[in-house]
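Each remark here refers to the structure printed beneath this line.
Residue numbers (full-length UniProt numbering): 1 to 241.
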(Lines of atoms letter the chains of each structure in order from A and count residues from 1; the text may use other names and numbers.)
(Lines give C-alpha, C1' and ligand atoms only; values in the text may rest on other atoms or scores of the structure.)
Protein backbone atom coordinates (compact mmCIF):
# COMPACT_ATOMS: atom_id res chain seq x y z
CA UNK A 1 0.00 0.00 0.00
CA UNK A 2 2.83 2.40 0.92
CA UNK A 3 4.48 1.56 -2.40
CA UNK A 4 1.33 2.52 -4.33
CA UNK A 5 0.93 5.79 -2.44
CA UNK A 6 4.36 7.16 -3.24
CA UNK A 7 4.18 5.95 -6.86
CA UNK A 8 0.82 7.73 -7.25
CA UNK A 9 2.36 10.94 -5.91
CA UNK A 10 5.25 10.71 -8.38
CA UNK A 11 2.92 10.04 -11.32
CA UNK A 12 0.63 12.93 -10.40
CA UNK A 13 3.48 15.39 -9.85
CA UNK A 14 5.03 14.43 -13.21
CA UNK A 15 1.72 15.07 -14.98
CA UNK A 16 1.44 18.47 -13.30
CA UNK A 17 5.05 19.31 -14.19
CA UNK A 18 4.45 18.61 -17.88
CA UNK A 19 1.14 20.48 -17.73
CA UNK A 20 3.14 23.54 -16.61
CA UNK A 21 1.29 23.79 -13.29
CA UNK A 22 4.50 24.97 -11.62
CA UNK A 23 5.46 27.93 -13.84
CA UNK A 24 8.07 29.17 -11.36
CA UNK A 25 9.76 25.71 -11.60
CA UNK A 26 9.39 25.26 -7.82
CA UNK A 27 7.37 22.58 -6.03
CA UNK A 28 5.34 23.30 -2.88
CA UNK A 29 7.04 22.47 0.42
CA UNK A 30 6.69 19.00 1.95
CA UNK A 31 4.04 20.03 4.46
CA UNK A 32 1.85 21.55 1.74
CA UNK A 33 2.25 18.48 -0.47
CA UNK A 34 1.37 16.17 2.44
CA UNK A 35 -1.82 18.14 3.04
CA UNK A 36 -2.62 18.23 -0.68
CA UNK A 37 -2.30 14.45 -1.09
CA UNK A 38 -3.59 13.68 2.42
CA UNK A 39 -0.57 11.52 3.24
CA UNK A 40 2.25 11.55 5.77
CA UNK A 41 5.36 13.63 5.20
CA UNK A 42 7.38 10.42 5.05
CA UNK A 43 5.45 9.42 1.90
CA UNK A 44 6.19 12.83 0.38
CA UNK A 45 9.87 12.54 1.33
CA UNK A 46 10.07 9.12 -0.31
CA UNK A 47 8.40 10.35 -3.51
CA UNK A 48 10.64 13.43 -3.74
CA UNK A 49 13.74 11.36 -3.01
CA UNK A 50 12.92 9.01 -5.90
CA UNK A 51 12.19 11.94 -8.22
CA UNK A 52 15.51 13.52 -7.25
CA UNK A 53 17.40 10.28 -7.96
CA UNK A 54 15.68 10.11 -11.36
CA UNK A 55 16.82 13.64 -12.16
CA UNK A 56 13.30 15.12 -12.27
CA UNK A 57 13.86 17.58 -9.42
CA UNK A 58 16.68 18.92 -7.27
CA UNK A 59 16.77 20.45 -3.83
CA UNK A 60 18.48 23.74 -3.13
CA UNK A 61 19.35 24.14 0.54
CA UNK A 62 17.40 26.95 2.14
CA UNK A 63 15.39 27.66 -1.03
CA UNK A 64 13.19 24.62 -1.71
CA UNK A 65 12.67 21.94 -4.33
CA UNK A 66 12.94 22.82 -8.02
CA UNK A 67 12.15 21.11 -11.32
CA UNK A 68 15.18 20.16 -13.38
CA UNK A 69 14.82 22.10 -16.68
CA UNK A 70 16.93 19.52 -18.53
CA UNK A 71 14.41 16.84 -17.57
CA UNK A 72 11.65 18.86 -19.21
CA UNK A 73 13.79 19.29 -22.29
CA UNK A 74 14.74 15.63 -22.63
CA UNK A 75 12.50 13.31 -20.60
CA UNK A 76 14.17 9.99 -19.92
CA UNK A 77 12.34 6.91 -21.20
CA UNK A 78 13.90 4.62 -18.62
CA UNK A 79 14.89 5.35 -15.05
CA UNK A 80 16.71 2.73 -13.03
CA UNK A 81 16.55 4.42 -9.68
CA UNK A 82 16.23 3.24 -6.11
CA UNK A 83 13.08 1.16 -6.53
CA UNK A 84 12.84 -2.47 -5.42
CA UNK A 85 12.56 -4.01 -8.86
CA UNK A 86 14.53 -3.08 -11.97
CA UNK A 87 12.14 -4.57 -14.53
CA UNK A 88 10.94 -2.90 -17.71
CA UNK A 89 7.35 -2.73 -16.47
CA UNK A 90 8.43 -0.75 -13.42
CA UNK A 91 11.10 1.52 -14.86
CA UNK A 92 10.33 2.26 -18.52
CA UNK A 93 7.77 5.03 -18.98
CA UNK A 94 6.88 7.61 -21.61
CA UNK A 95 4.91 10.60 -20.37
CA UNK A 96 3.80 8.50 -17.40
CA UNK A 97 2.60 5.64 -19.60
CA UNK A 98 3.95 2.14 -18.96
CA UNK A 99 4.70 -0.27 -21.81
CA UNK A 100 2.53 -3.15 -22.97
CA UNK A 101 3.97 -6.48 -24.08
CA UNK A 102 3.52 -9.10 -26.80
CA UNK A 103 5.12 -12.51 -26.19
CA UNK A 104 7.07 -13.65 -29.25
CA UNK A 105 8.59 -16.83 -27.86
CA UNK A 106 8.87 -19.00 -24.74
CA UNK A 107 11.25 -21.95 -25.04
CA UNK A 108 13.50 -24.20 -23.00
CA UNK A 109 17.12 -24.61 -24.06
CA UNK A 110 20.50 -25.78 -22.87
CA UNK A 111 22.60 -22.68 -22.09
CA UNK A 112 25.64 -21.76 -24.10
CA UNK A 113 29.04 -21.71 -22.42
CA UNK A 114 28.72 -17.95 -22.12
CA UNK A 115 25.32 -18.20 -20.41
CA UNK A 116 26.66 -20.88 -18.07
CA UNK A 117 29.39 -18.47 -17.06
CA UNK A 118 27.12 -15.41 -16.74
CA UNK A 119 24.40 -17.19 -14.74
CA UNK A 120 26.71 -19.53 -12.79
CA UNK A 121 25.11 -22.67 -14.24
CA UNK A 122 26.25 -26.25 -14.59
CA UNK A 123 26.25 -28.15 -17.88
CA UNK A 124 23.12 -30.10 -16.88
CA UNK A 125 21.12 -26.92 -16.12
CA UNK A 126 18.52 -25.59 -18.55
CA UNK A 127 17.19 -22.07 -19.09
CA UNK A 128 14.02 -20.44 -20.33
CA UNK A 129 14.48 -18.32 -23.44
CA UNK A 130 11.87 -15.56 -23.34
CA UNK A 131 11.37 -13.14 -26.22
CA UNK A 132 8.96 -10.23 -25.94
CA UNK A 133 8.10 -7.10 -27.93
CA UNK A 134 7.34 -3.93 -25.95
CA UNK A 135 4.98 -1.15 -27.09
CA UNK A 136 4.00 2.37 -26.13
CA UNK A 137 0.45 2.56 -27.49
CA UNK A 138 0.79 0.82 -30.87
CA UNK A 139 4.42 1.83 -31.38
CA UNK A 140 6.97 -0.98 -30.85
CA UNK A 141 10.04 0.32 -29.06
CA UNK A 142 11.96 -2.67 -27.70
CA UNK A 143 12.75 -6.33 -28.40
CA UNK A 144 13.56 -8.05 -25.10
CA UNK A 145 15.27 -11.45 -24.99
CA UNK A 146 15.90 -12.95 -21.57
CA UNK A 147 17.42 -16.17 -20.25
CA UNK A 148 16.35 -17.41 -16.80
CA UNK A 149 17.50 -20.63 -15.08
CA UNK A 150 14.60 -23.08 -14.84
CA UNK A 151 15.76 -24.21 -11.39
CA UNK A 152 14.99 -20.74 -10.01
CA UNK A 153 11.43 -20.54 -11.39
CA UNK A 154 10.27 -24.09 -12.15
CA UNK A 155 6.60 -23.06 -12.30
CA UNK A 156 7.01 -20.13 -14.70
CA UNK A 157 4.21 -20.20 -17.29
CA UNK A 158 3.41 -18.32 -20.48
CA UNK A 159 0.59 -16.26 -18.92
CA UNK A 160 3.09 -14.66 -16.52
CA UNK A 161 5.13 -13.35 -19.47
CA UNK A 162 2.45 -10.82 -20.42
CA UNK A 163 2.96 -9.13 -17.05
CA UNK A 164 6.00 -8.28 -14.94
CA UNK A 165 8.27 -11.29 -14.47
CA UNK A 166 10.10 -9.50 -11.67
CA UNK A 167 6.84 -9.00 -9.75
CA UNK A 168 6.26 -12.75 -10.15
CA UNK A 169 9.77 -13.40 -8.83
CA UNK A 170 9.04 -11.27 -5.79
CA UNK A 171 5.83 -13.20 -5.09
CA UNK A 172 7.37 -16.64 -5.66
CA UNK A 173 10.85 -16.25 -4.19
CA UNK A 174 10.11 -13.46 -1.67
CA UNK A 175 13.07 -11.55 -3.11
CA UNK A 176 13.42 -8.49 -5.28
CA UNK A 177 15.51 -7.97 -8.39
CA UNK A 178 17.48 -5.08 -6.98
CA UNK A 179 20.87 -5.09 -8.72
CA UNK A 180 22.07 -5.17 -12.30
CA UNK A 181 25.20 -4.82 -14.35
CA UNK A 182 24.33 -3.32 -17.72
CA UNK A 183 26.20 -2.34 -20.86
CA UNK A 184 24.59 0.31 -23.07
CA UNK A 185 25.67 0.81 -26.67
CA UNK A 186 24.44 1.22 -30.26
CA UNK A 187 24.97 -0.91 -33.34
CA UNK A 188 23.58 -1.32 -36.87
CA UNK A 189 20.06 -2.73 -36.91
CA UNK A 190 19.46 -6.27 -38.13
CA UNK A 191 16.70 -7.42 -40.47
CA UNK A 192 14.75 -8.58 -37.43
CA UNK A 193 15.19 -5.22 -35.69
CA UNK A 194 13.95 -3.43 -38.79
CA UNK A 195 10.90 -5.67 -39.07
CA UNK A 196 9.80 -5.60 -35.43
CA UNK A 197 10.82 -2.04 -34.52
CA UNK A 198 9.83 -0.48 -37.86
CA UNK A 199 13.33 0.77 -38.58
CA UNK A 200 14.82 1.70 -41.93
CA UNK A 201 17.89 -0.27 -43.11
CA UNK A 202 20.20 2.67 -42.43
CA UNK A 203 18.86 3.32 -38.91
CA UNK A 204 20.71 2.03 -35.81
CA UNK A 205 19.40 0.21 -32.76
CA UNK A 206 20.22 0.90 -29.13
CA UNK A 207 21.23 -2.07 -26.98
CA UNK A 208 21.04 -2.61 -23.21
CA UNK A 209 22.60 -5.91 -22.21
CA UNK A 210 23.45 -7.37 -18.85
CA UNK A 211 22.64 -9.46 -15.81
CA UNK A 212 19.95 -8.90 -13.18
CA UNK A 213 20.59 -10.12 -9.62
CA UNK A 214 18.36 -11.06 -6.70
CA UNK A 215 18.78 -9.48 -3.27
CA UNK A 216 20.97 -12.39 -2.15
CA UNK A 217 23.33 -11.96 -5.11
CA UNK A 218 22.00 -14.85 -7.23
CA UNK A 219 22.04 -14.06 -10.97
CA UNK A 220 18.41 -14.31 -12.12
CA UNK A 221 18.47 -13.30 -15.77
CA UNK A 222 20.73 -12.44 -18.65
CA UNK A 223 18.84 -9.91 -20.75
CA UNK A 224 19.37 -8.35 -24.16
CA UNK A 225 17.13 -5.34 -24.88
CA UNK A 226 17.19 -3.84 -28.36
CA UNK A 227 15.57 -0.41 -28.52
CA UNK A 228 14.39 1.84 -31.33
CA UNK A 229 16.99 4.62 -31.29
CA UNK A 230 14.31 7.30 -30.76
CA UNK A 231 13.58 5.81 -27.35
CA UNK A 232 17.21 5.51 -26.28
CA UNK A 233 17.05 8.26 -23.68
CA UNK A 234 18.68 8.09 -20.27
CA UNK A 235 19.30 10.93 -17.84
CA UNK A 236 21.56 10.72 -14.80
CA UNK A 237 23.04 12.92 -12.10
CA UNK A 238 26.80 12.59 -11.61
CA UNK A 239 28.46 13.81 -8.41
CA UNK A 240 31.71 15.69 -8.98
CA UNK A 241 34.05 15.72 -6.00
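Positions of the beta carbon are idealized from the N, C-alpha and C atoms, including for glycine.
**OP:** Would you mind giving the Cβ-Cβ distance between residue 199 and residue 205, rounded to the nearest angstrom? I have them listed as a contact below 8 Å.
**Re:** 7 Å
Subject >> 8 Å contact criterion, which residue 225 and residue 142 should meet: CB distance rounded >> reply: 6 Å
**OP:** Could you tell me whether the Cβ atoms of residue 184 and residue 134 are closer together than 8 Å?
**Re:** no
**OP:** Measure the CB-CB distance between residue 118 and residue 64 and report whether it falls below 8 Å.
**Re:** no
Subject >> Own chain residues within Cβ distance below 6 Å of residue 223, not counting five before or after >> reply: 146
Original post:
Given residue 103, which residues of its chain have a CB within under 7 Å of its CB, disregarding the five upstream and five downstream residues?
Top reply: 132, 158, 161 and 162
Original post:
Nearest to residue 179 by alpha carbon, out of 218, 229 and 150?
Top reply: 218
**OP:** Output the distance between the C-alpha atoms of residue 84 and residue 175, rounded to the nearest integer angstrom.
**Re:** For residue 84, the pLDDT reaches just 48, beneath the cut-off of 50, and the residue's location in the model is therefore unreliable, leaving the point undetermined.
Subject >> Start and end residues, alpha helix (DSSP H) containing residue 169 >> reply: 165-173
Original post:
Is there a Cβ from chain C that is less than 8 Å from the Cβ of residue 112?
Top reply: Note that chain C does not occur in the displayed structure, where there is just one protein chain.
Subject >> Alpha-carbon spacing of residue 167 relative to residue 151, whole angstroms >> reply: 18 Å
Original post:
Can you name the start and end residues of the alpha helix (DSSP H) that residue 196 belongs to?
Top reply: 191-197
Subject >> Own chain residues within Cβ distance below 8 Å of residue 86, not counting five before or after >> reply: A caution first: residue 86 carries a pLDDT of 46, below 50, which makes its placement in the model unreliable, though a value can still be read off. Excluding residues within five positions, the ones whose Cβ falls inside 8 Å are 80, 166, 177, 178, 179, 180 and 212.
Original post:
Based on Cα-Cα distance, which residue from 70, 16, 105 and 123 lies nearest to residue 113?
Top reply: 123
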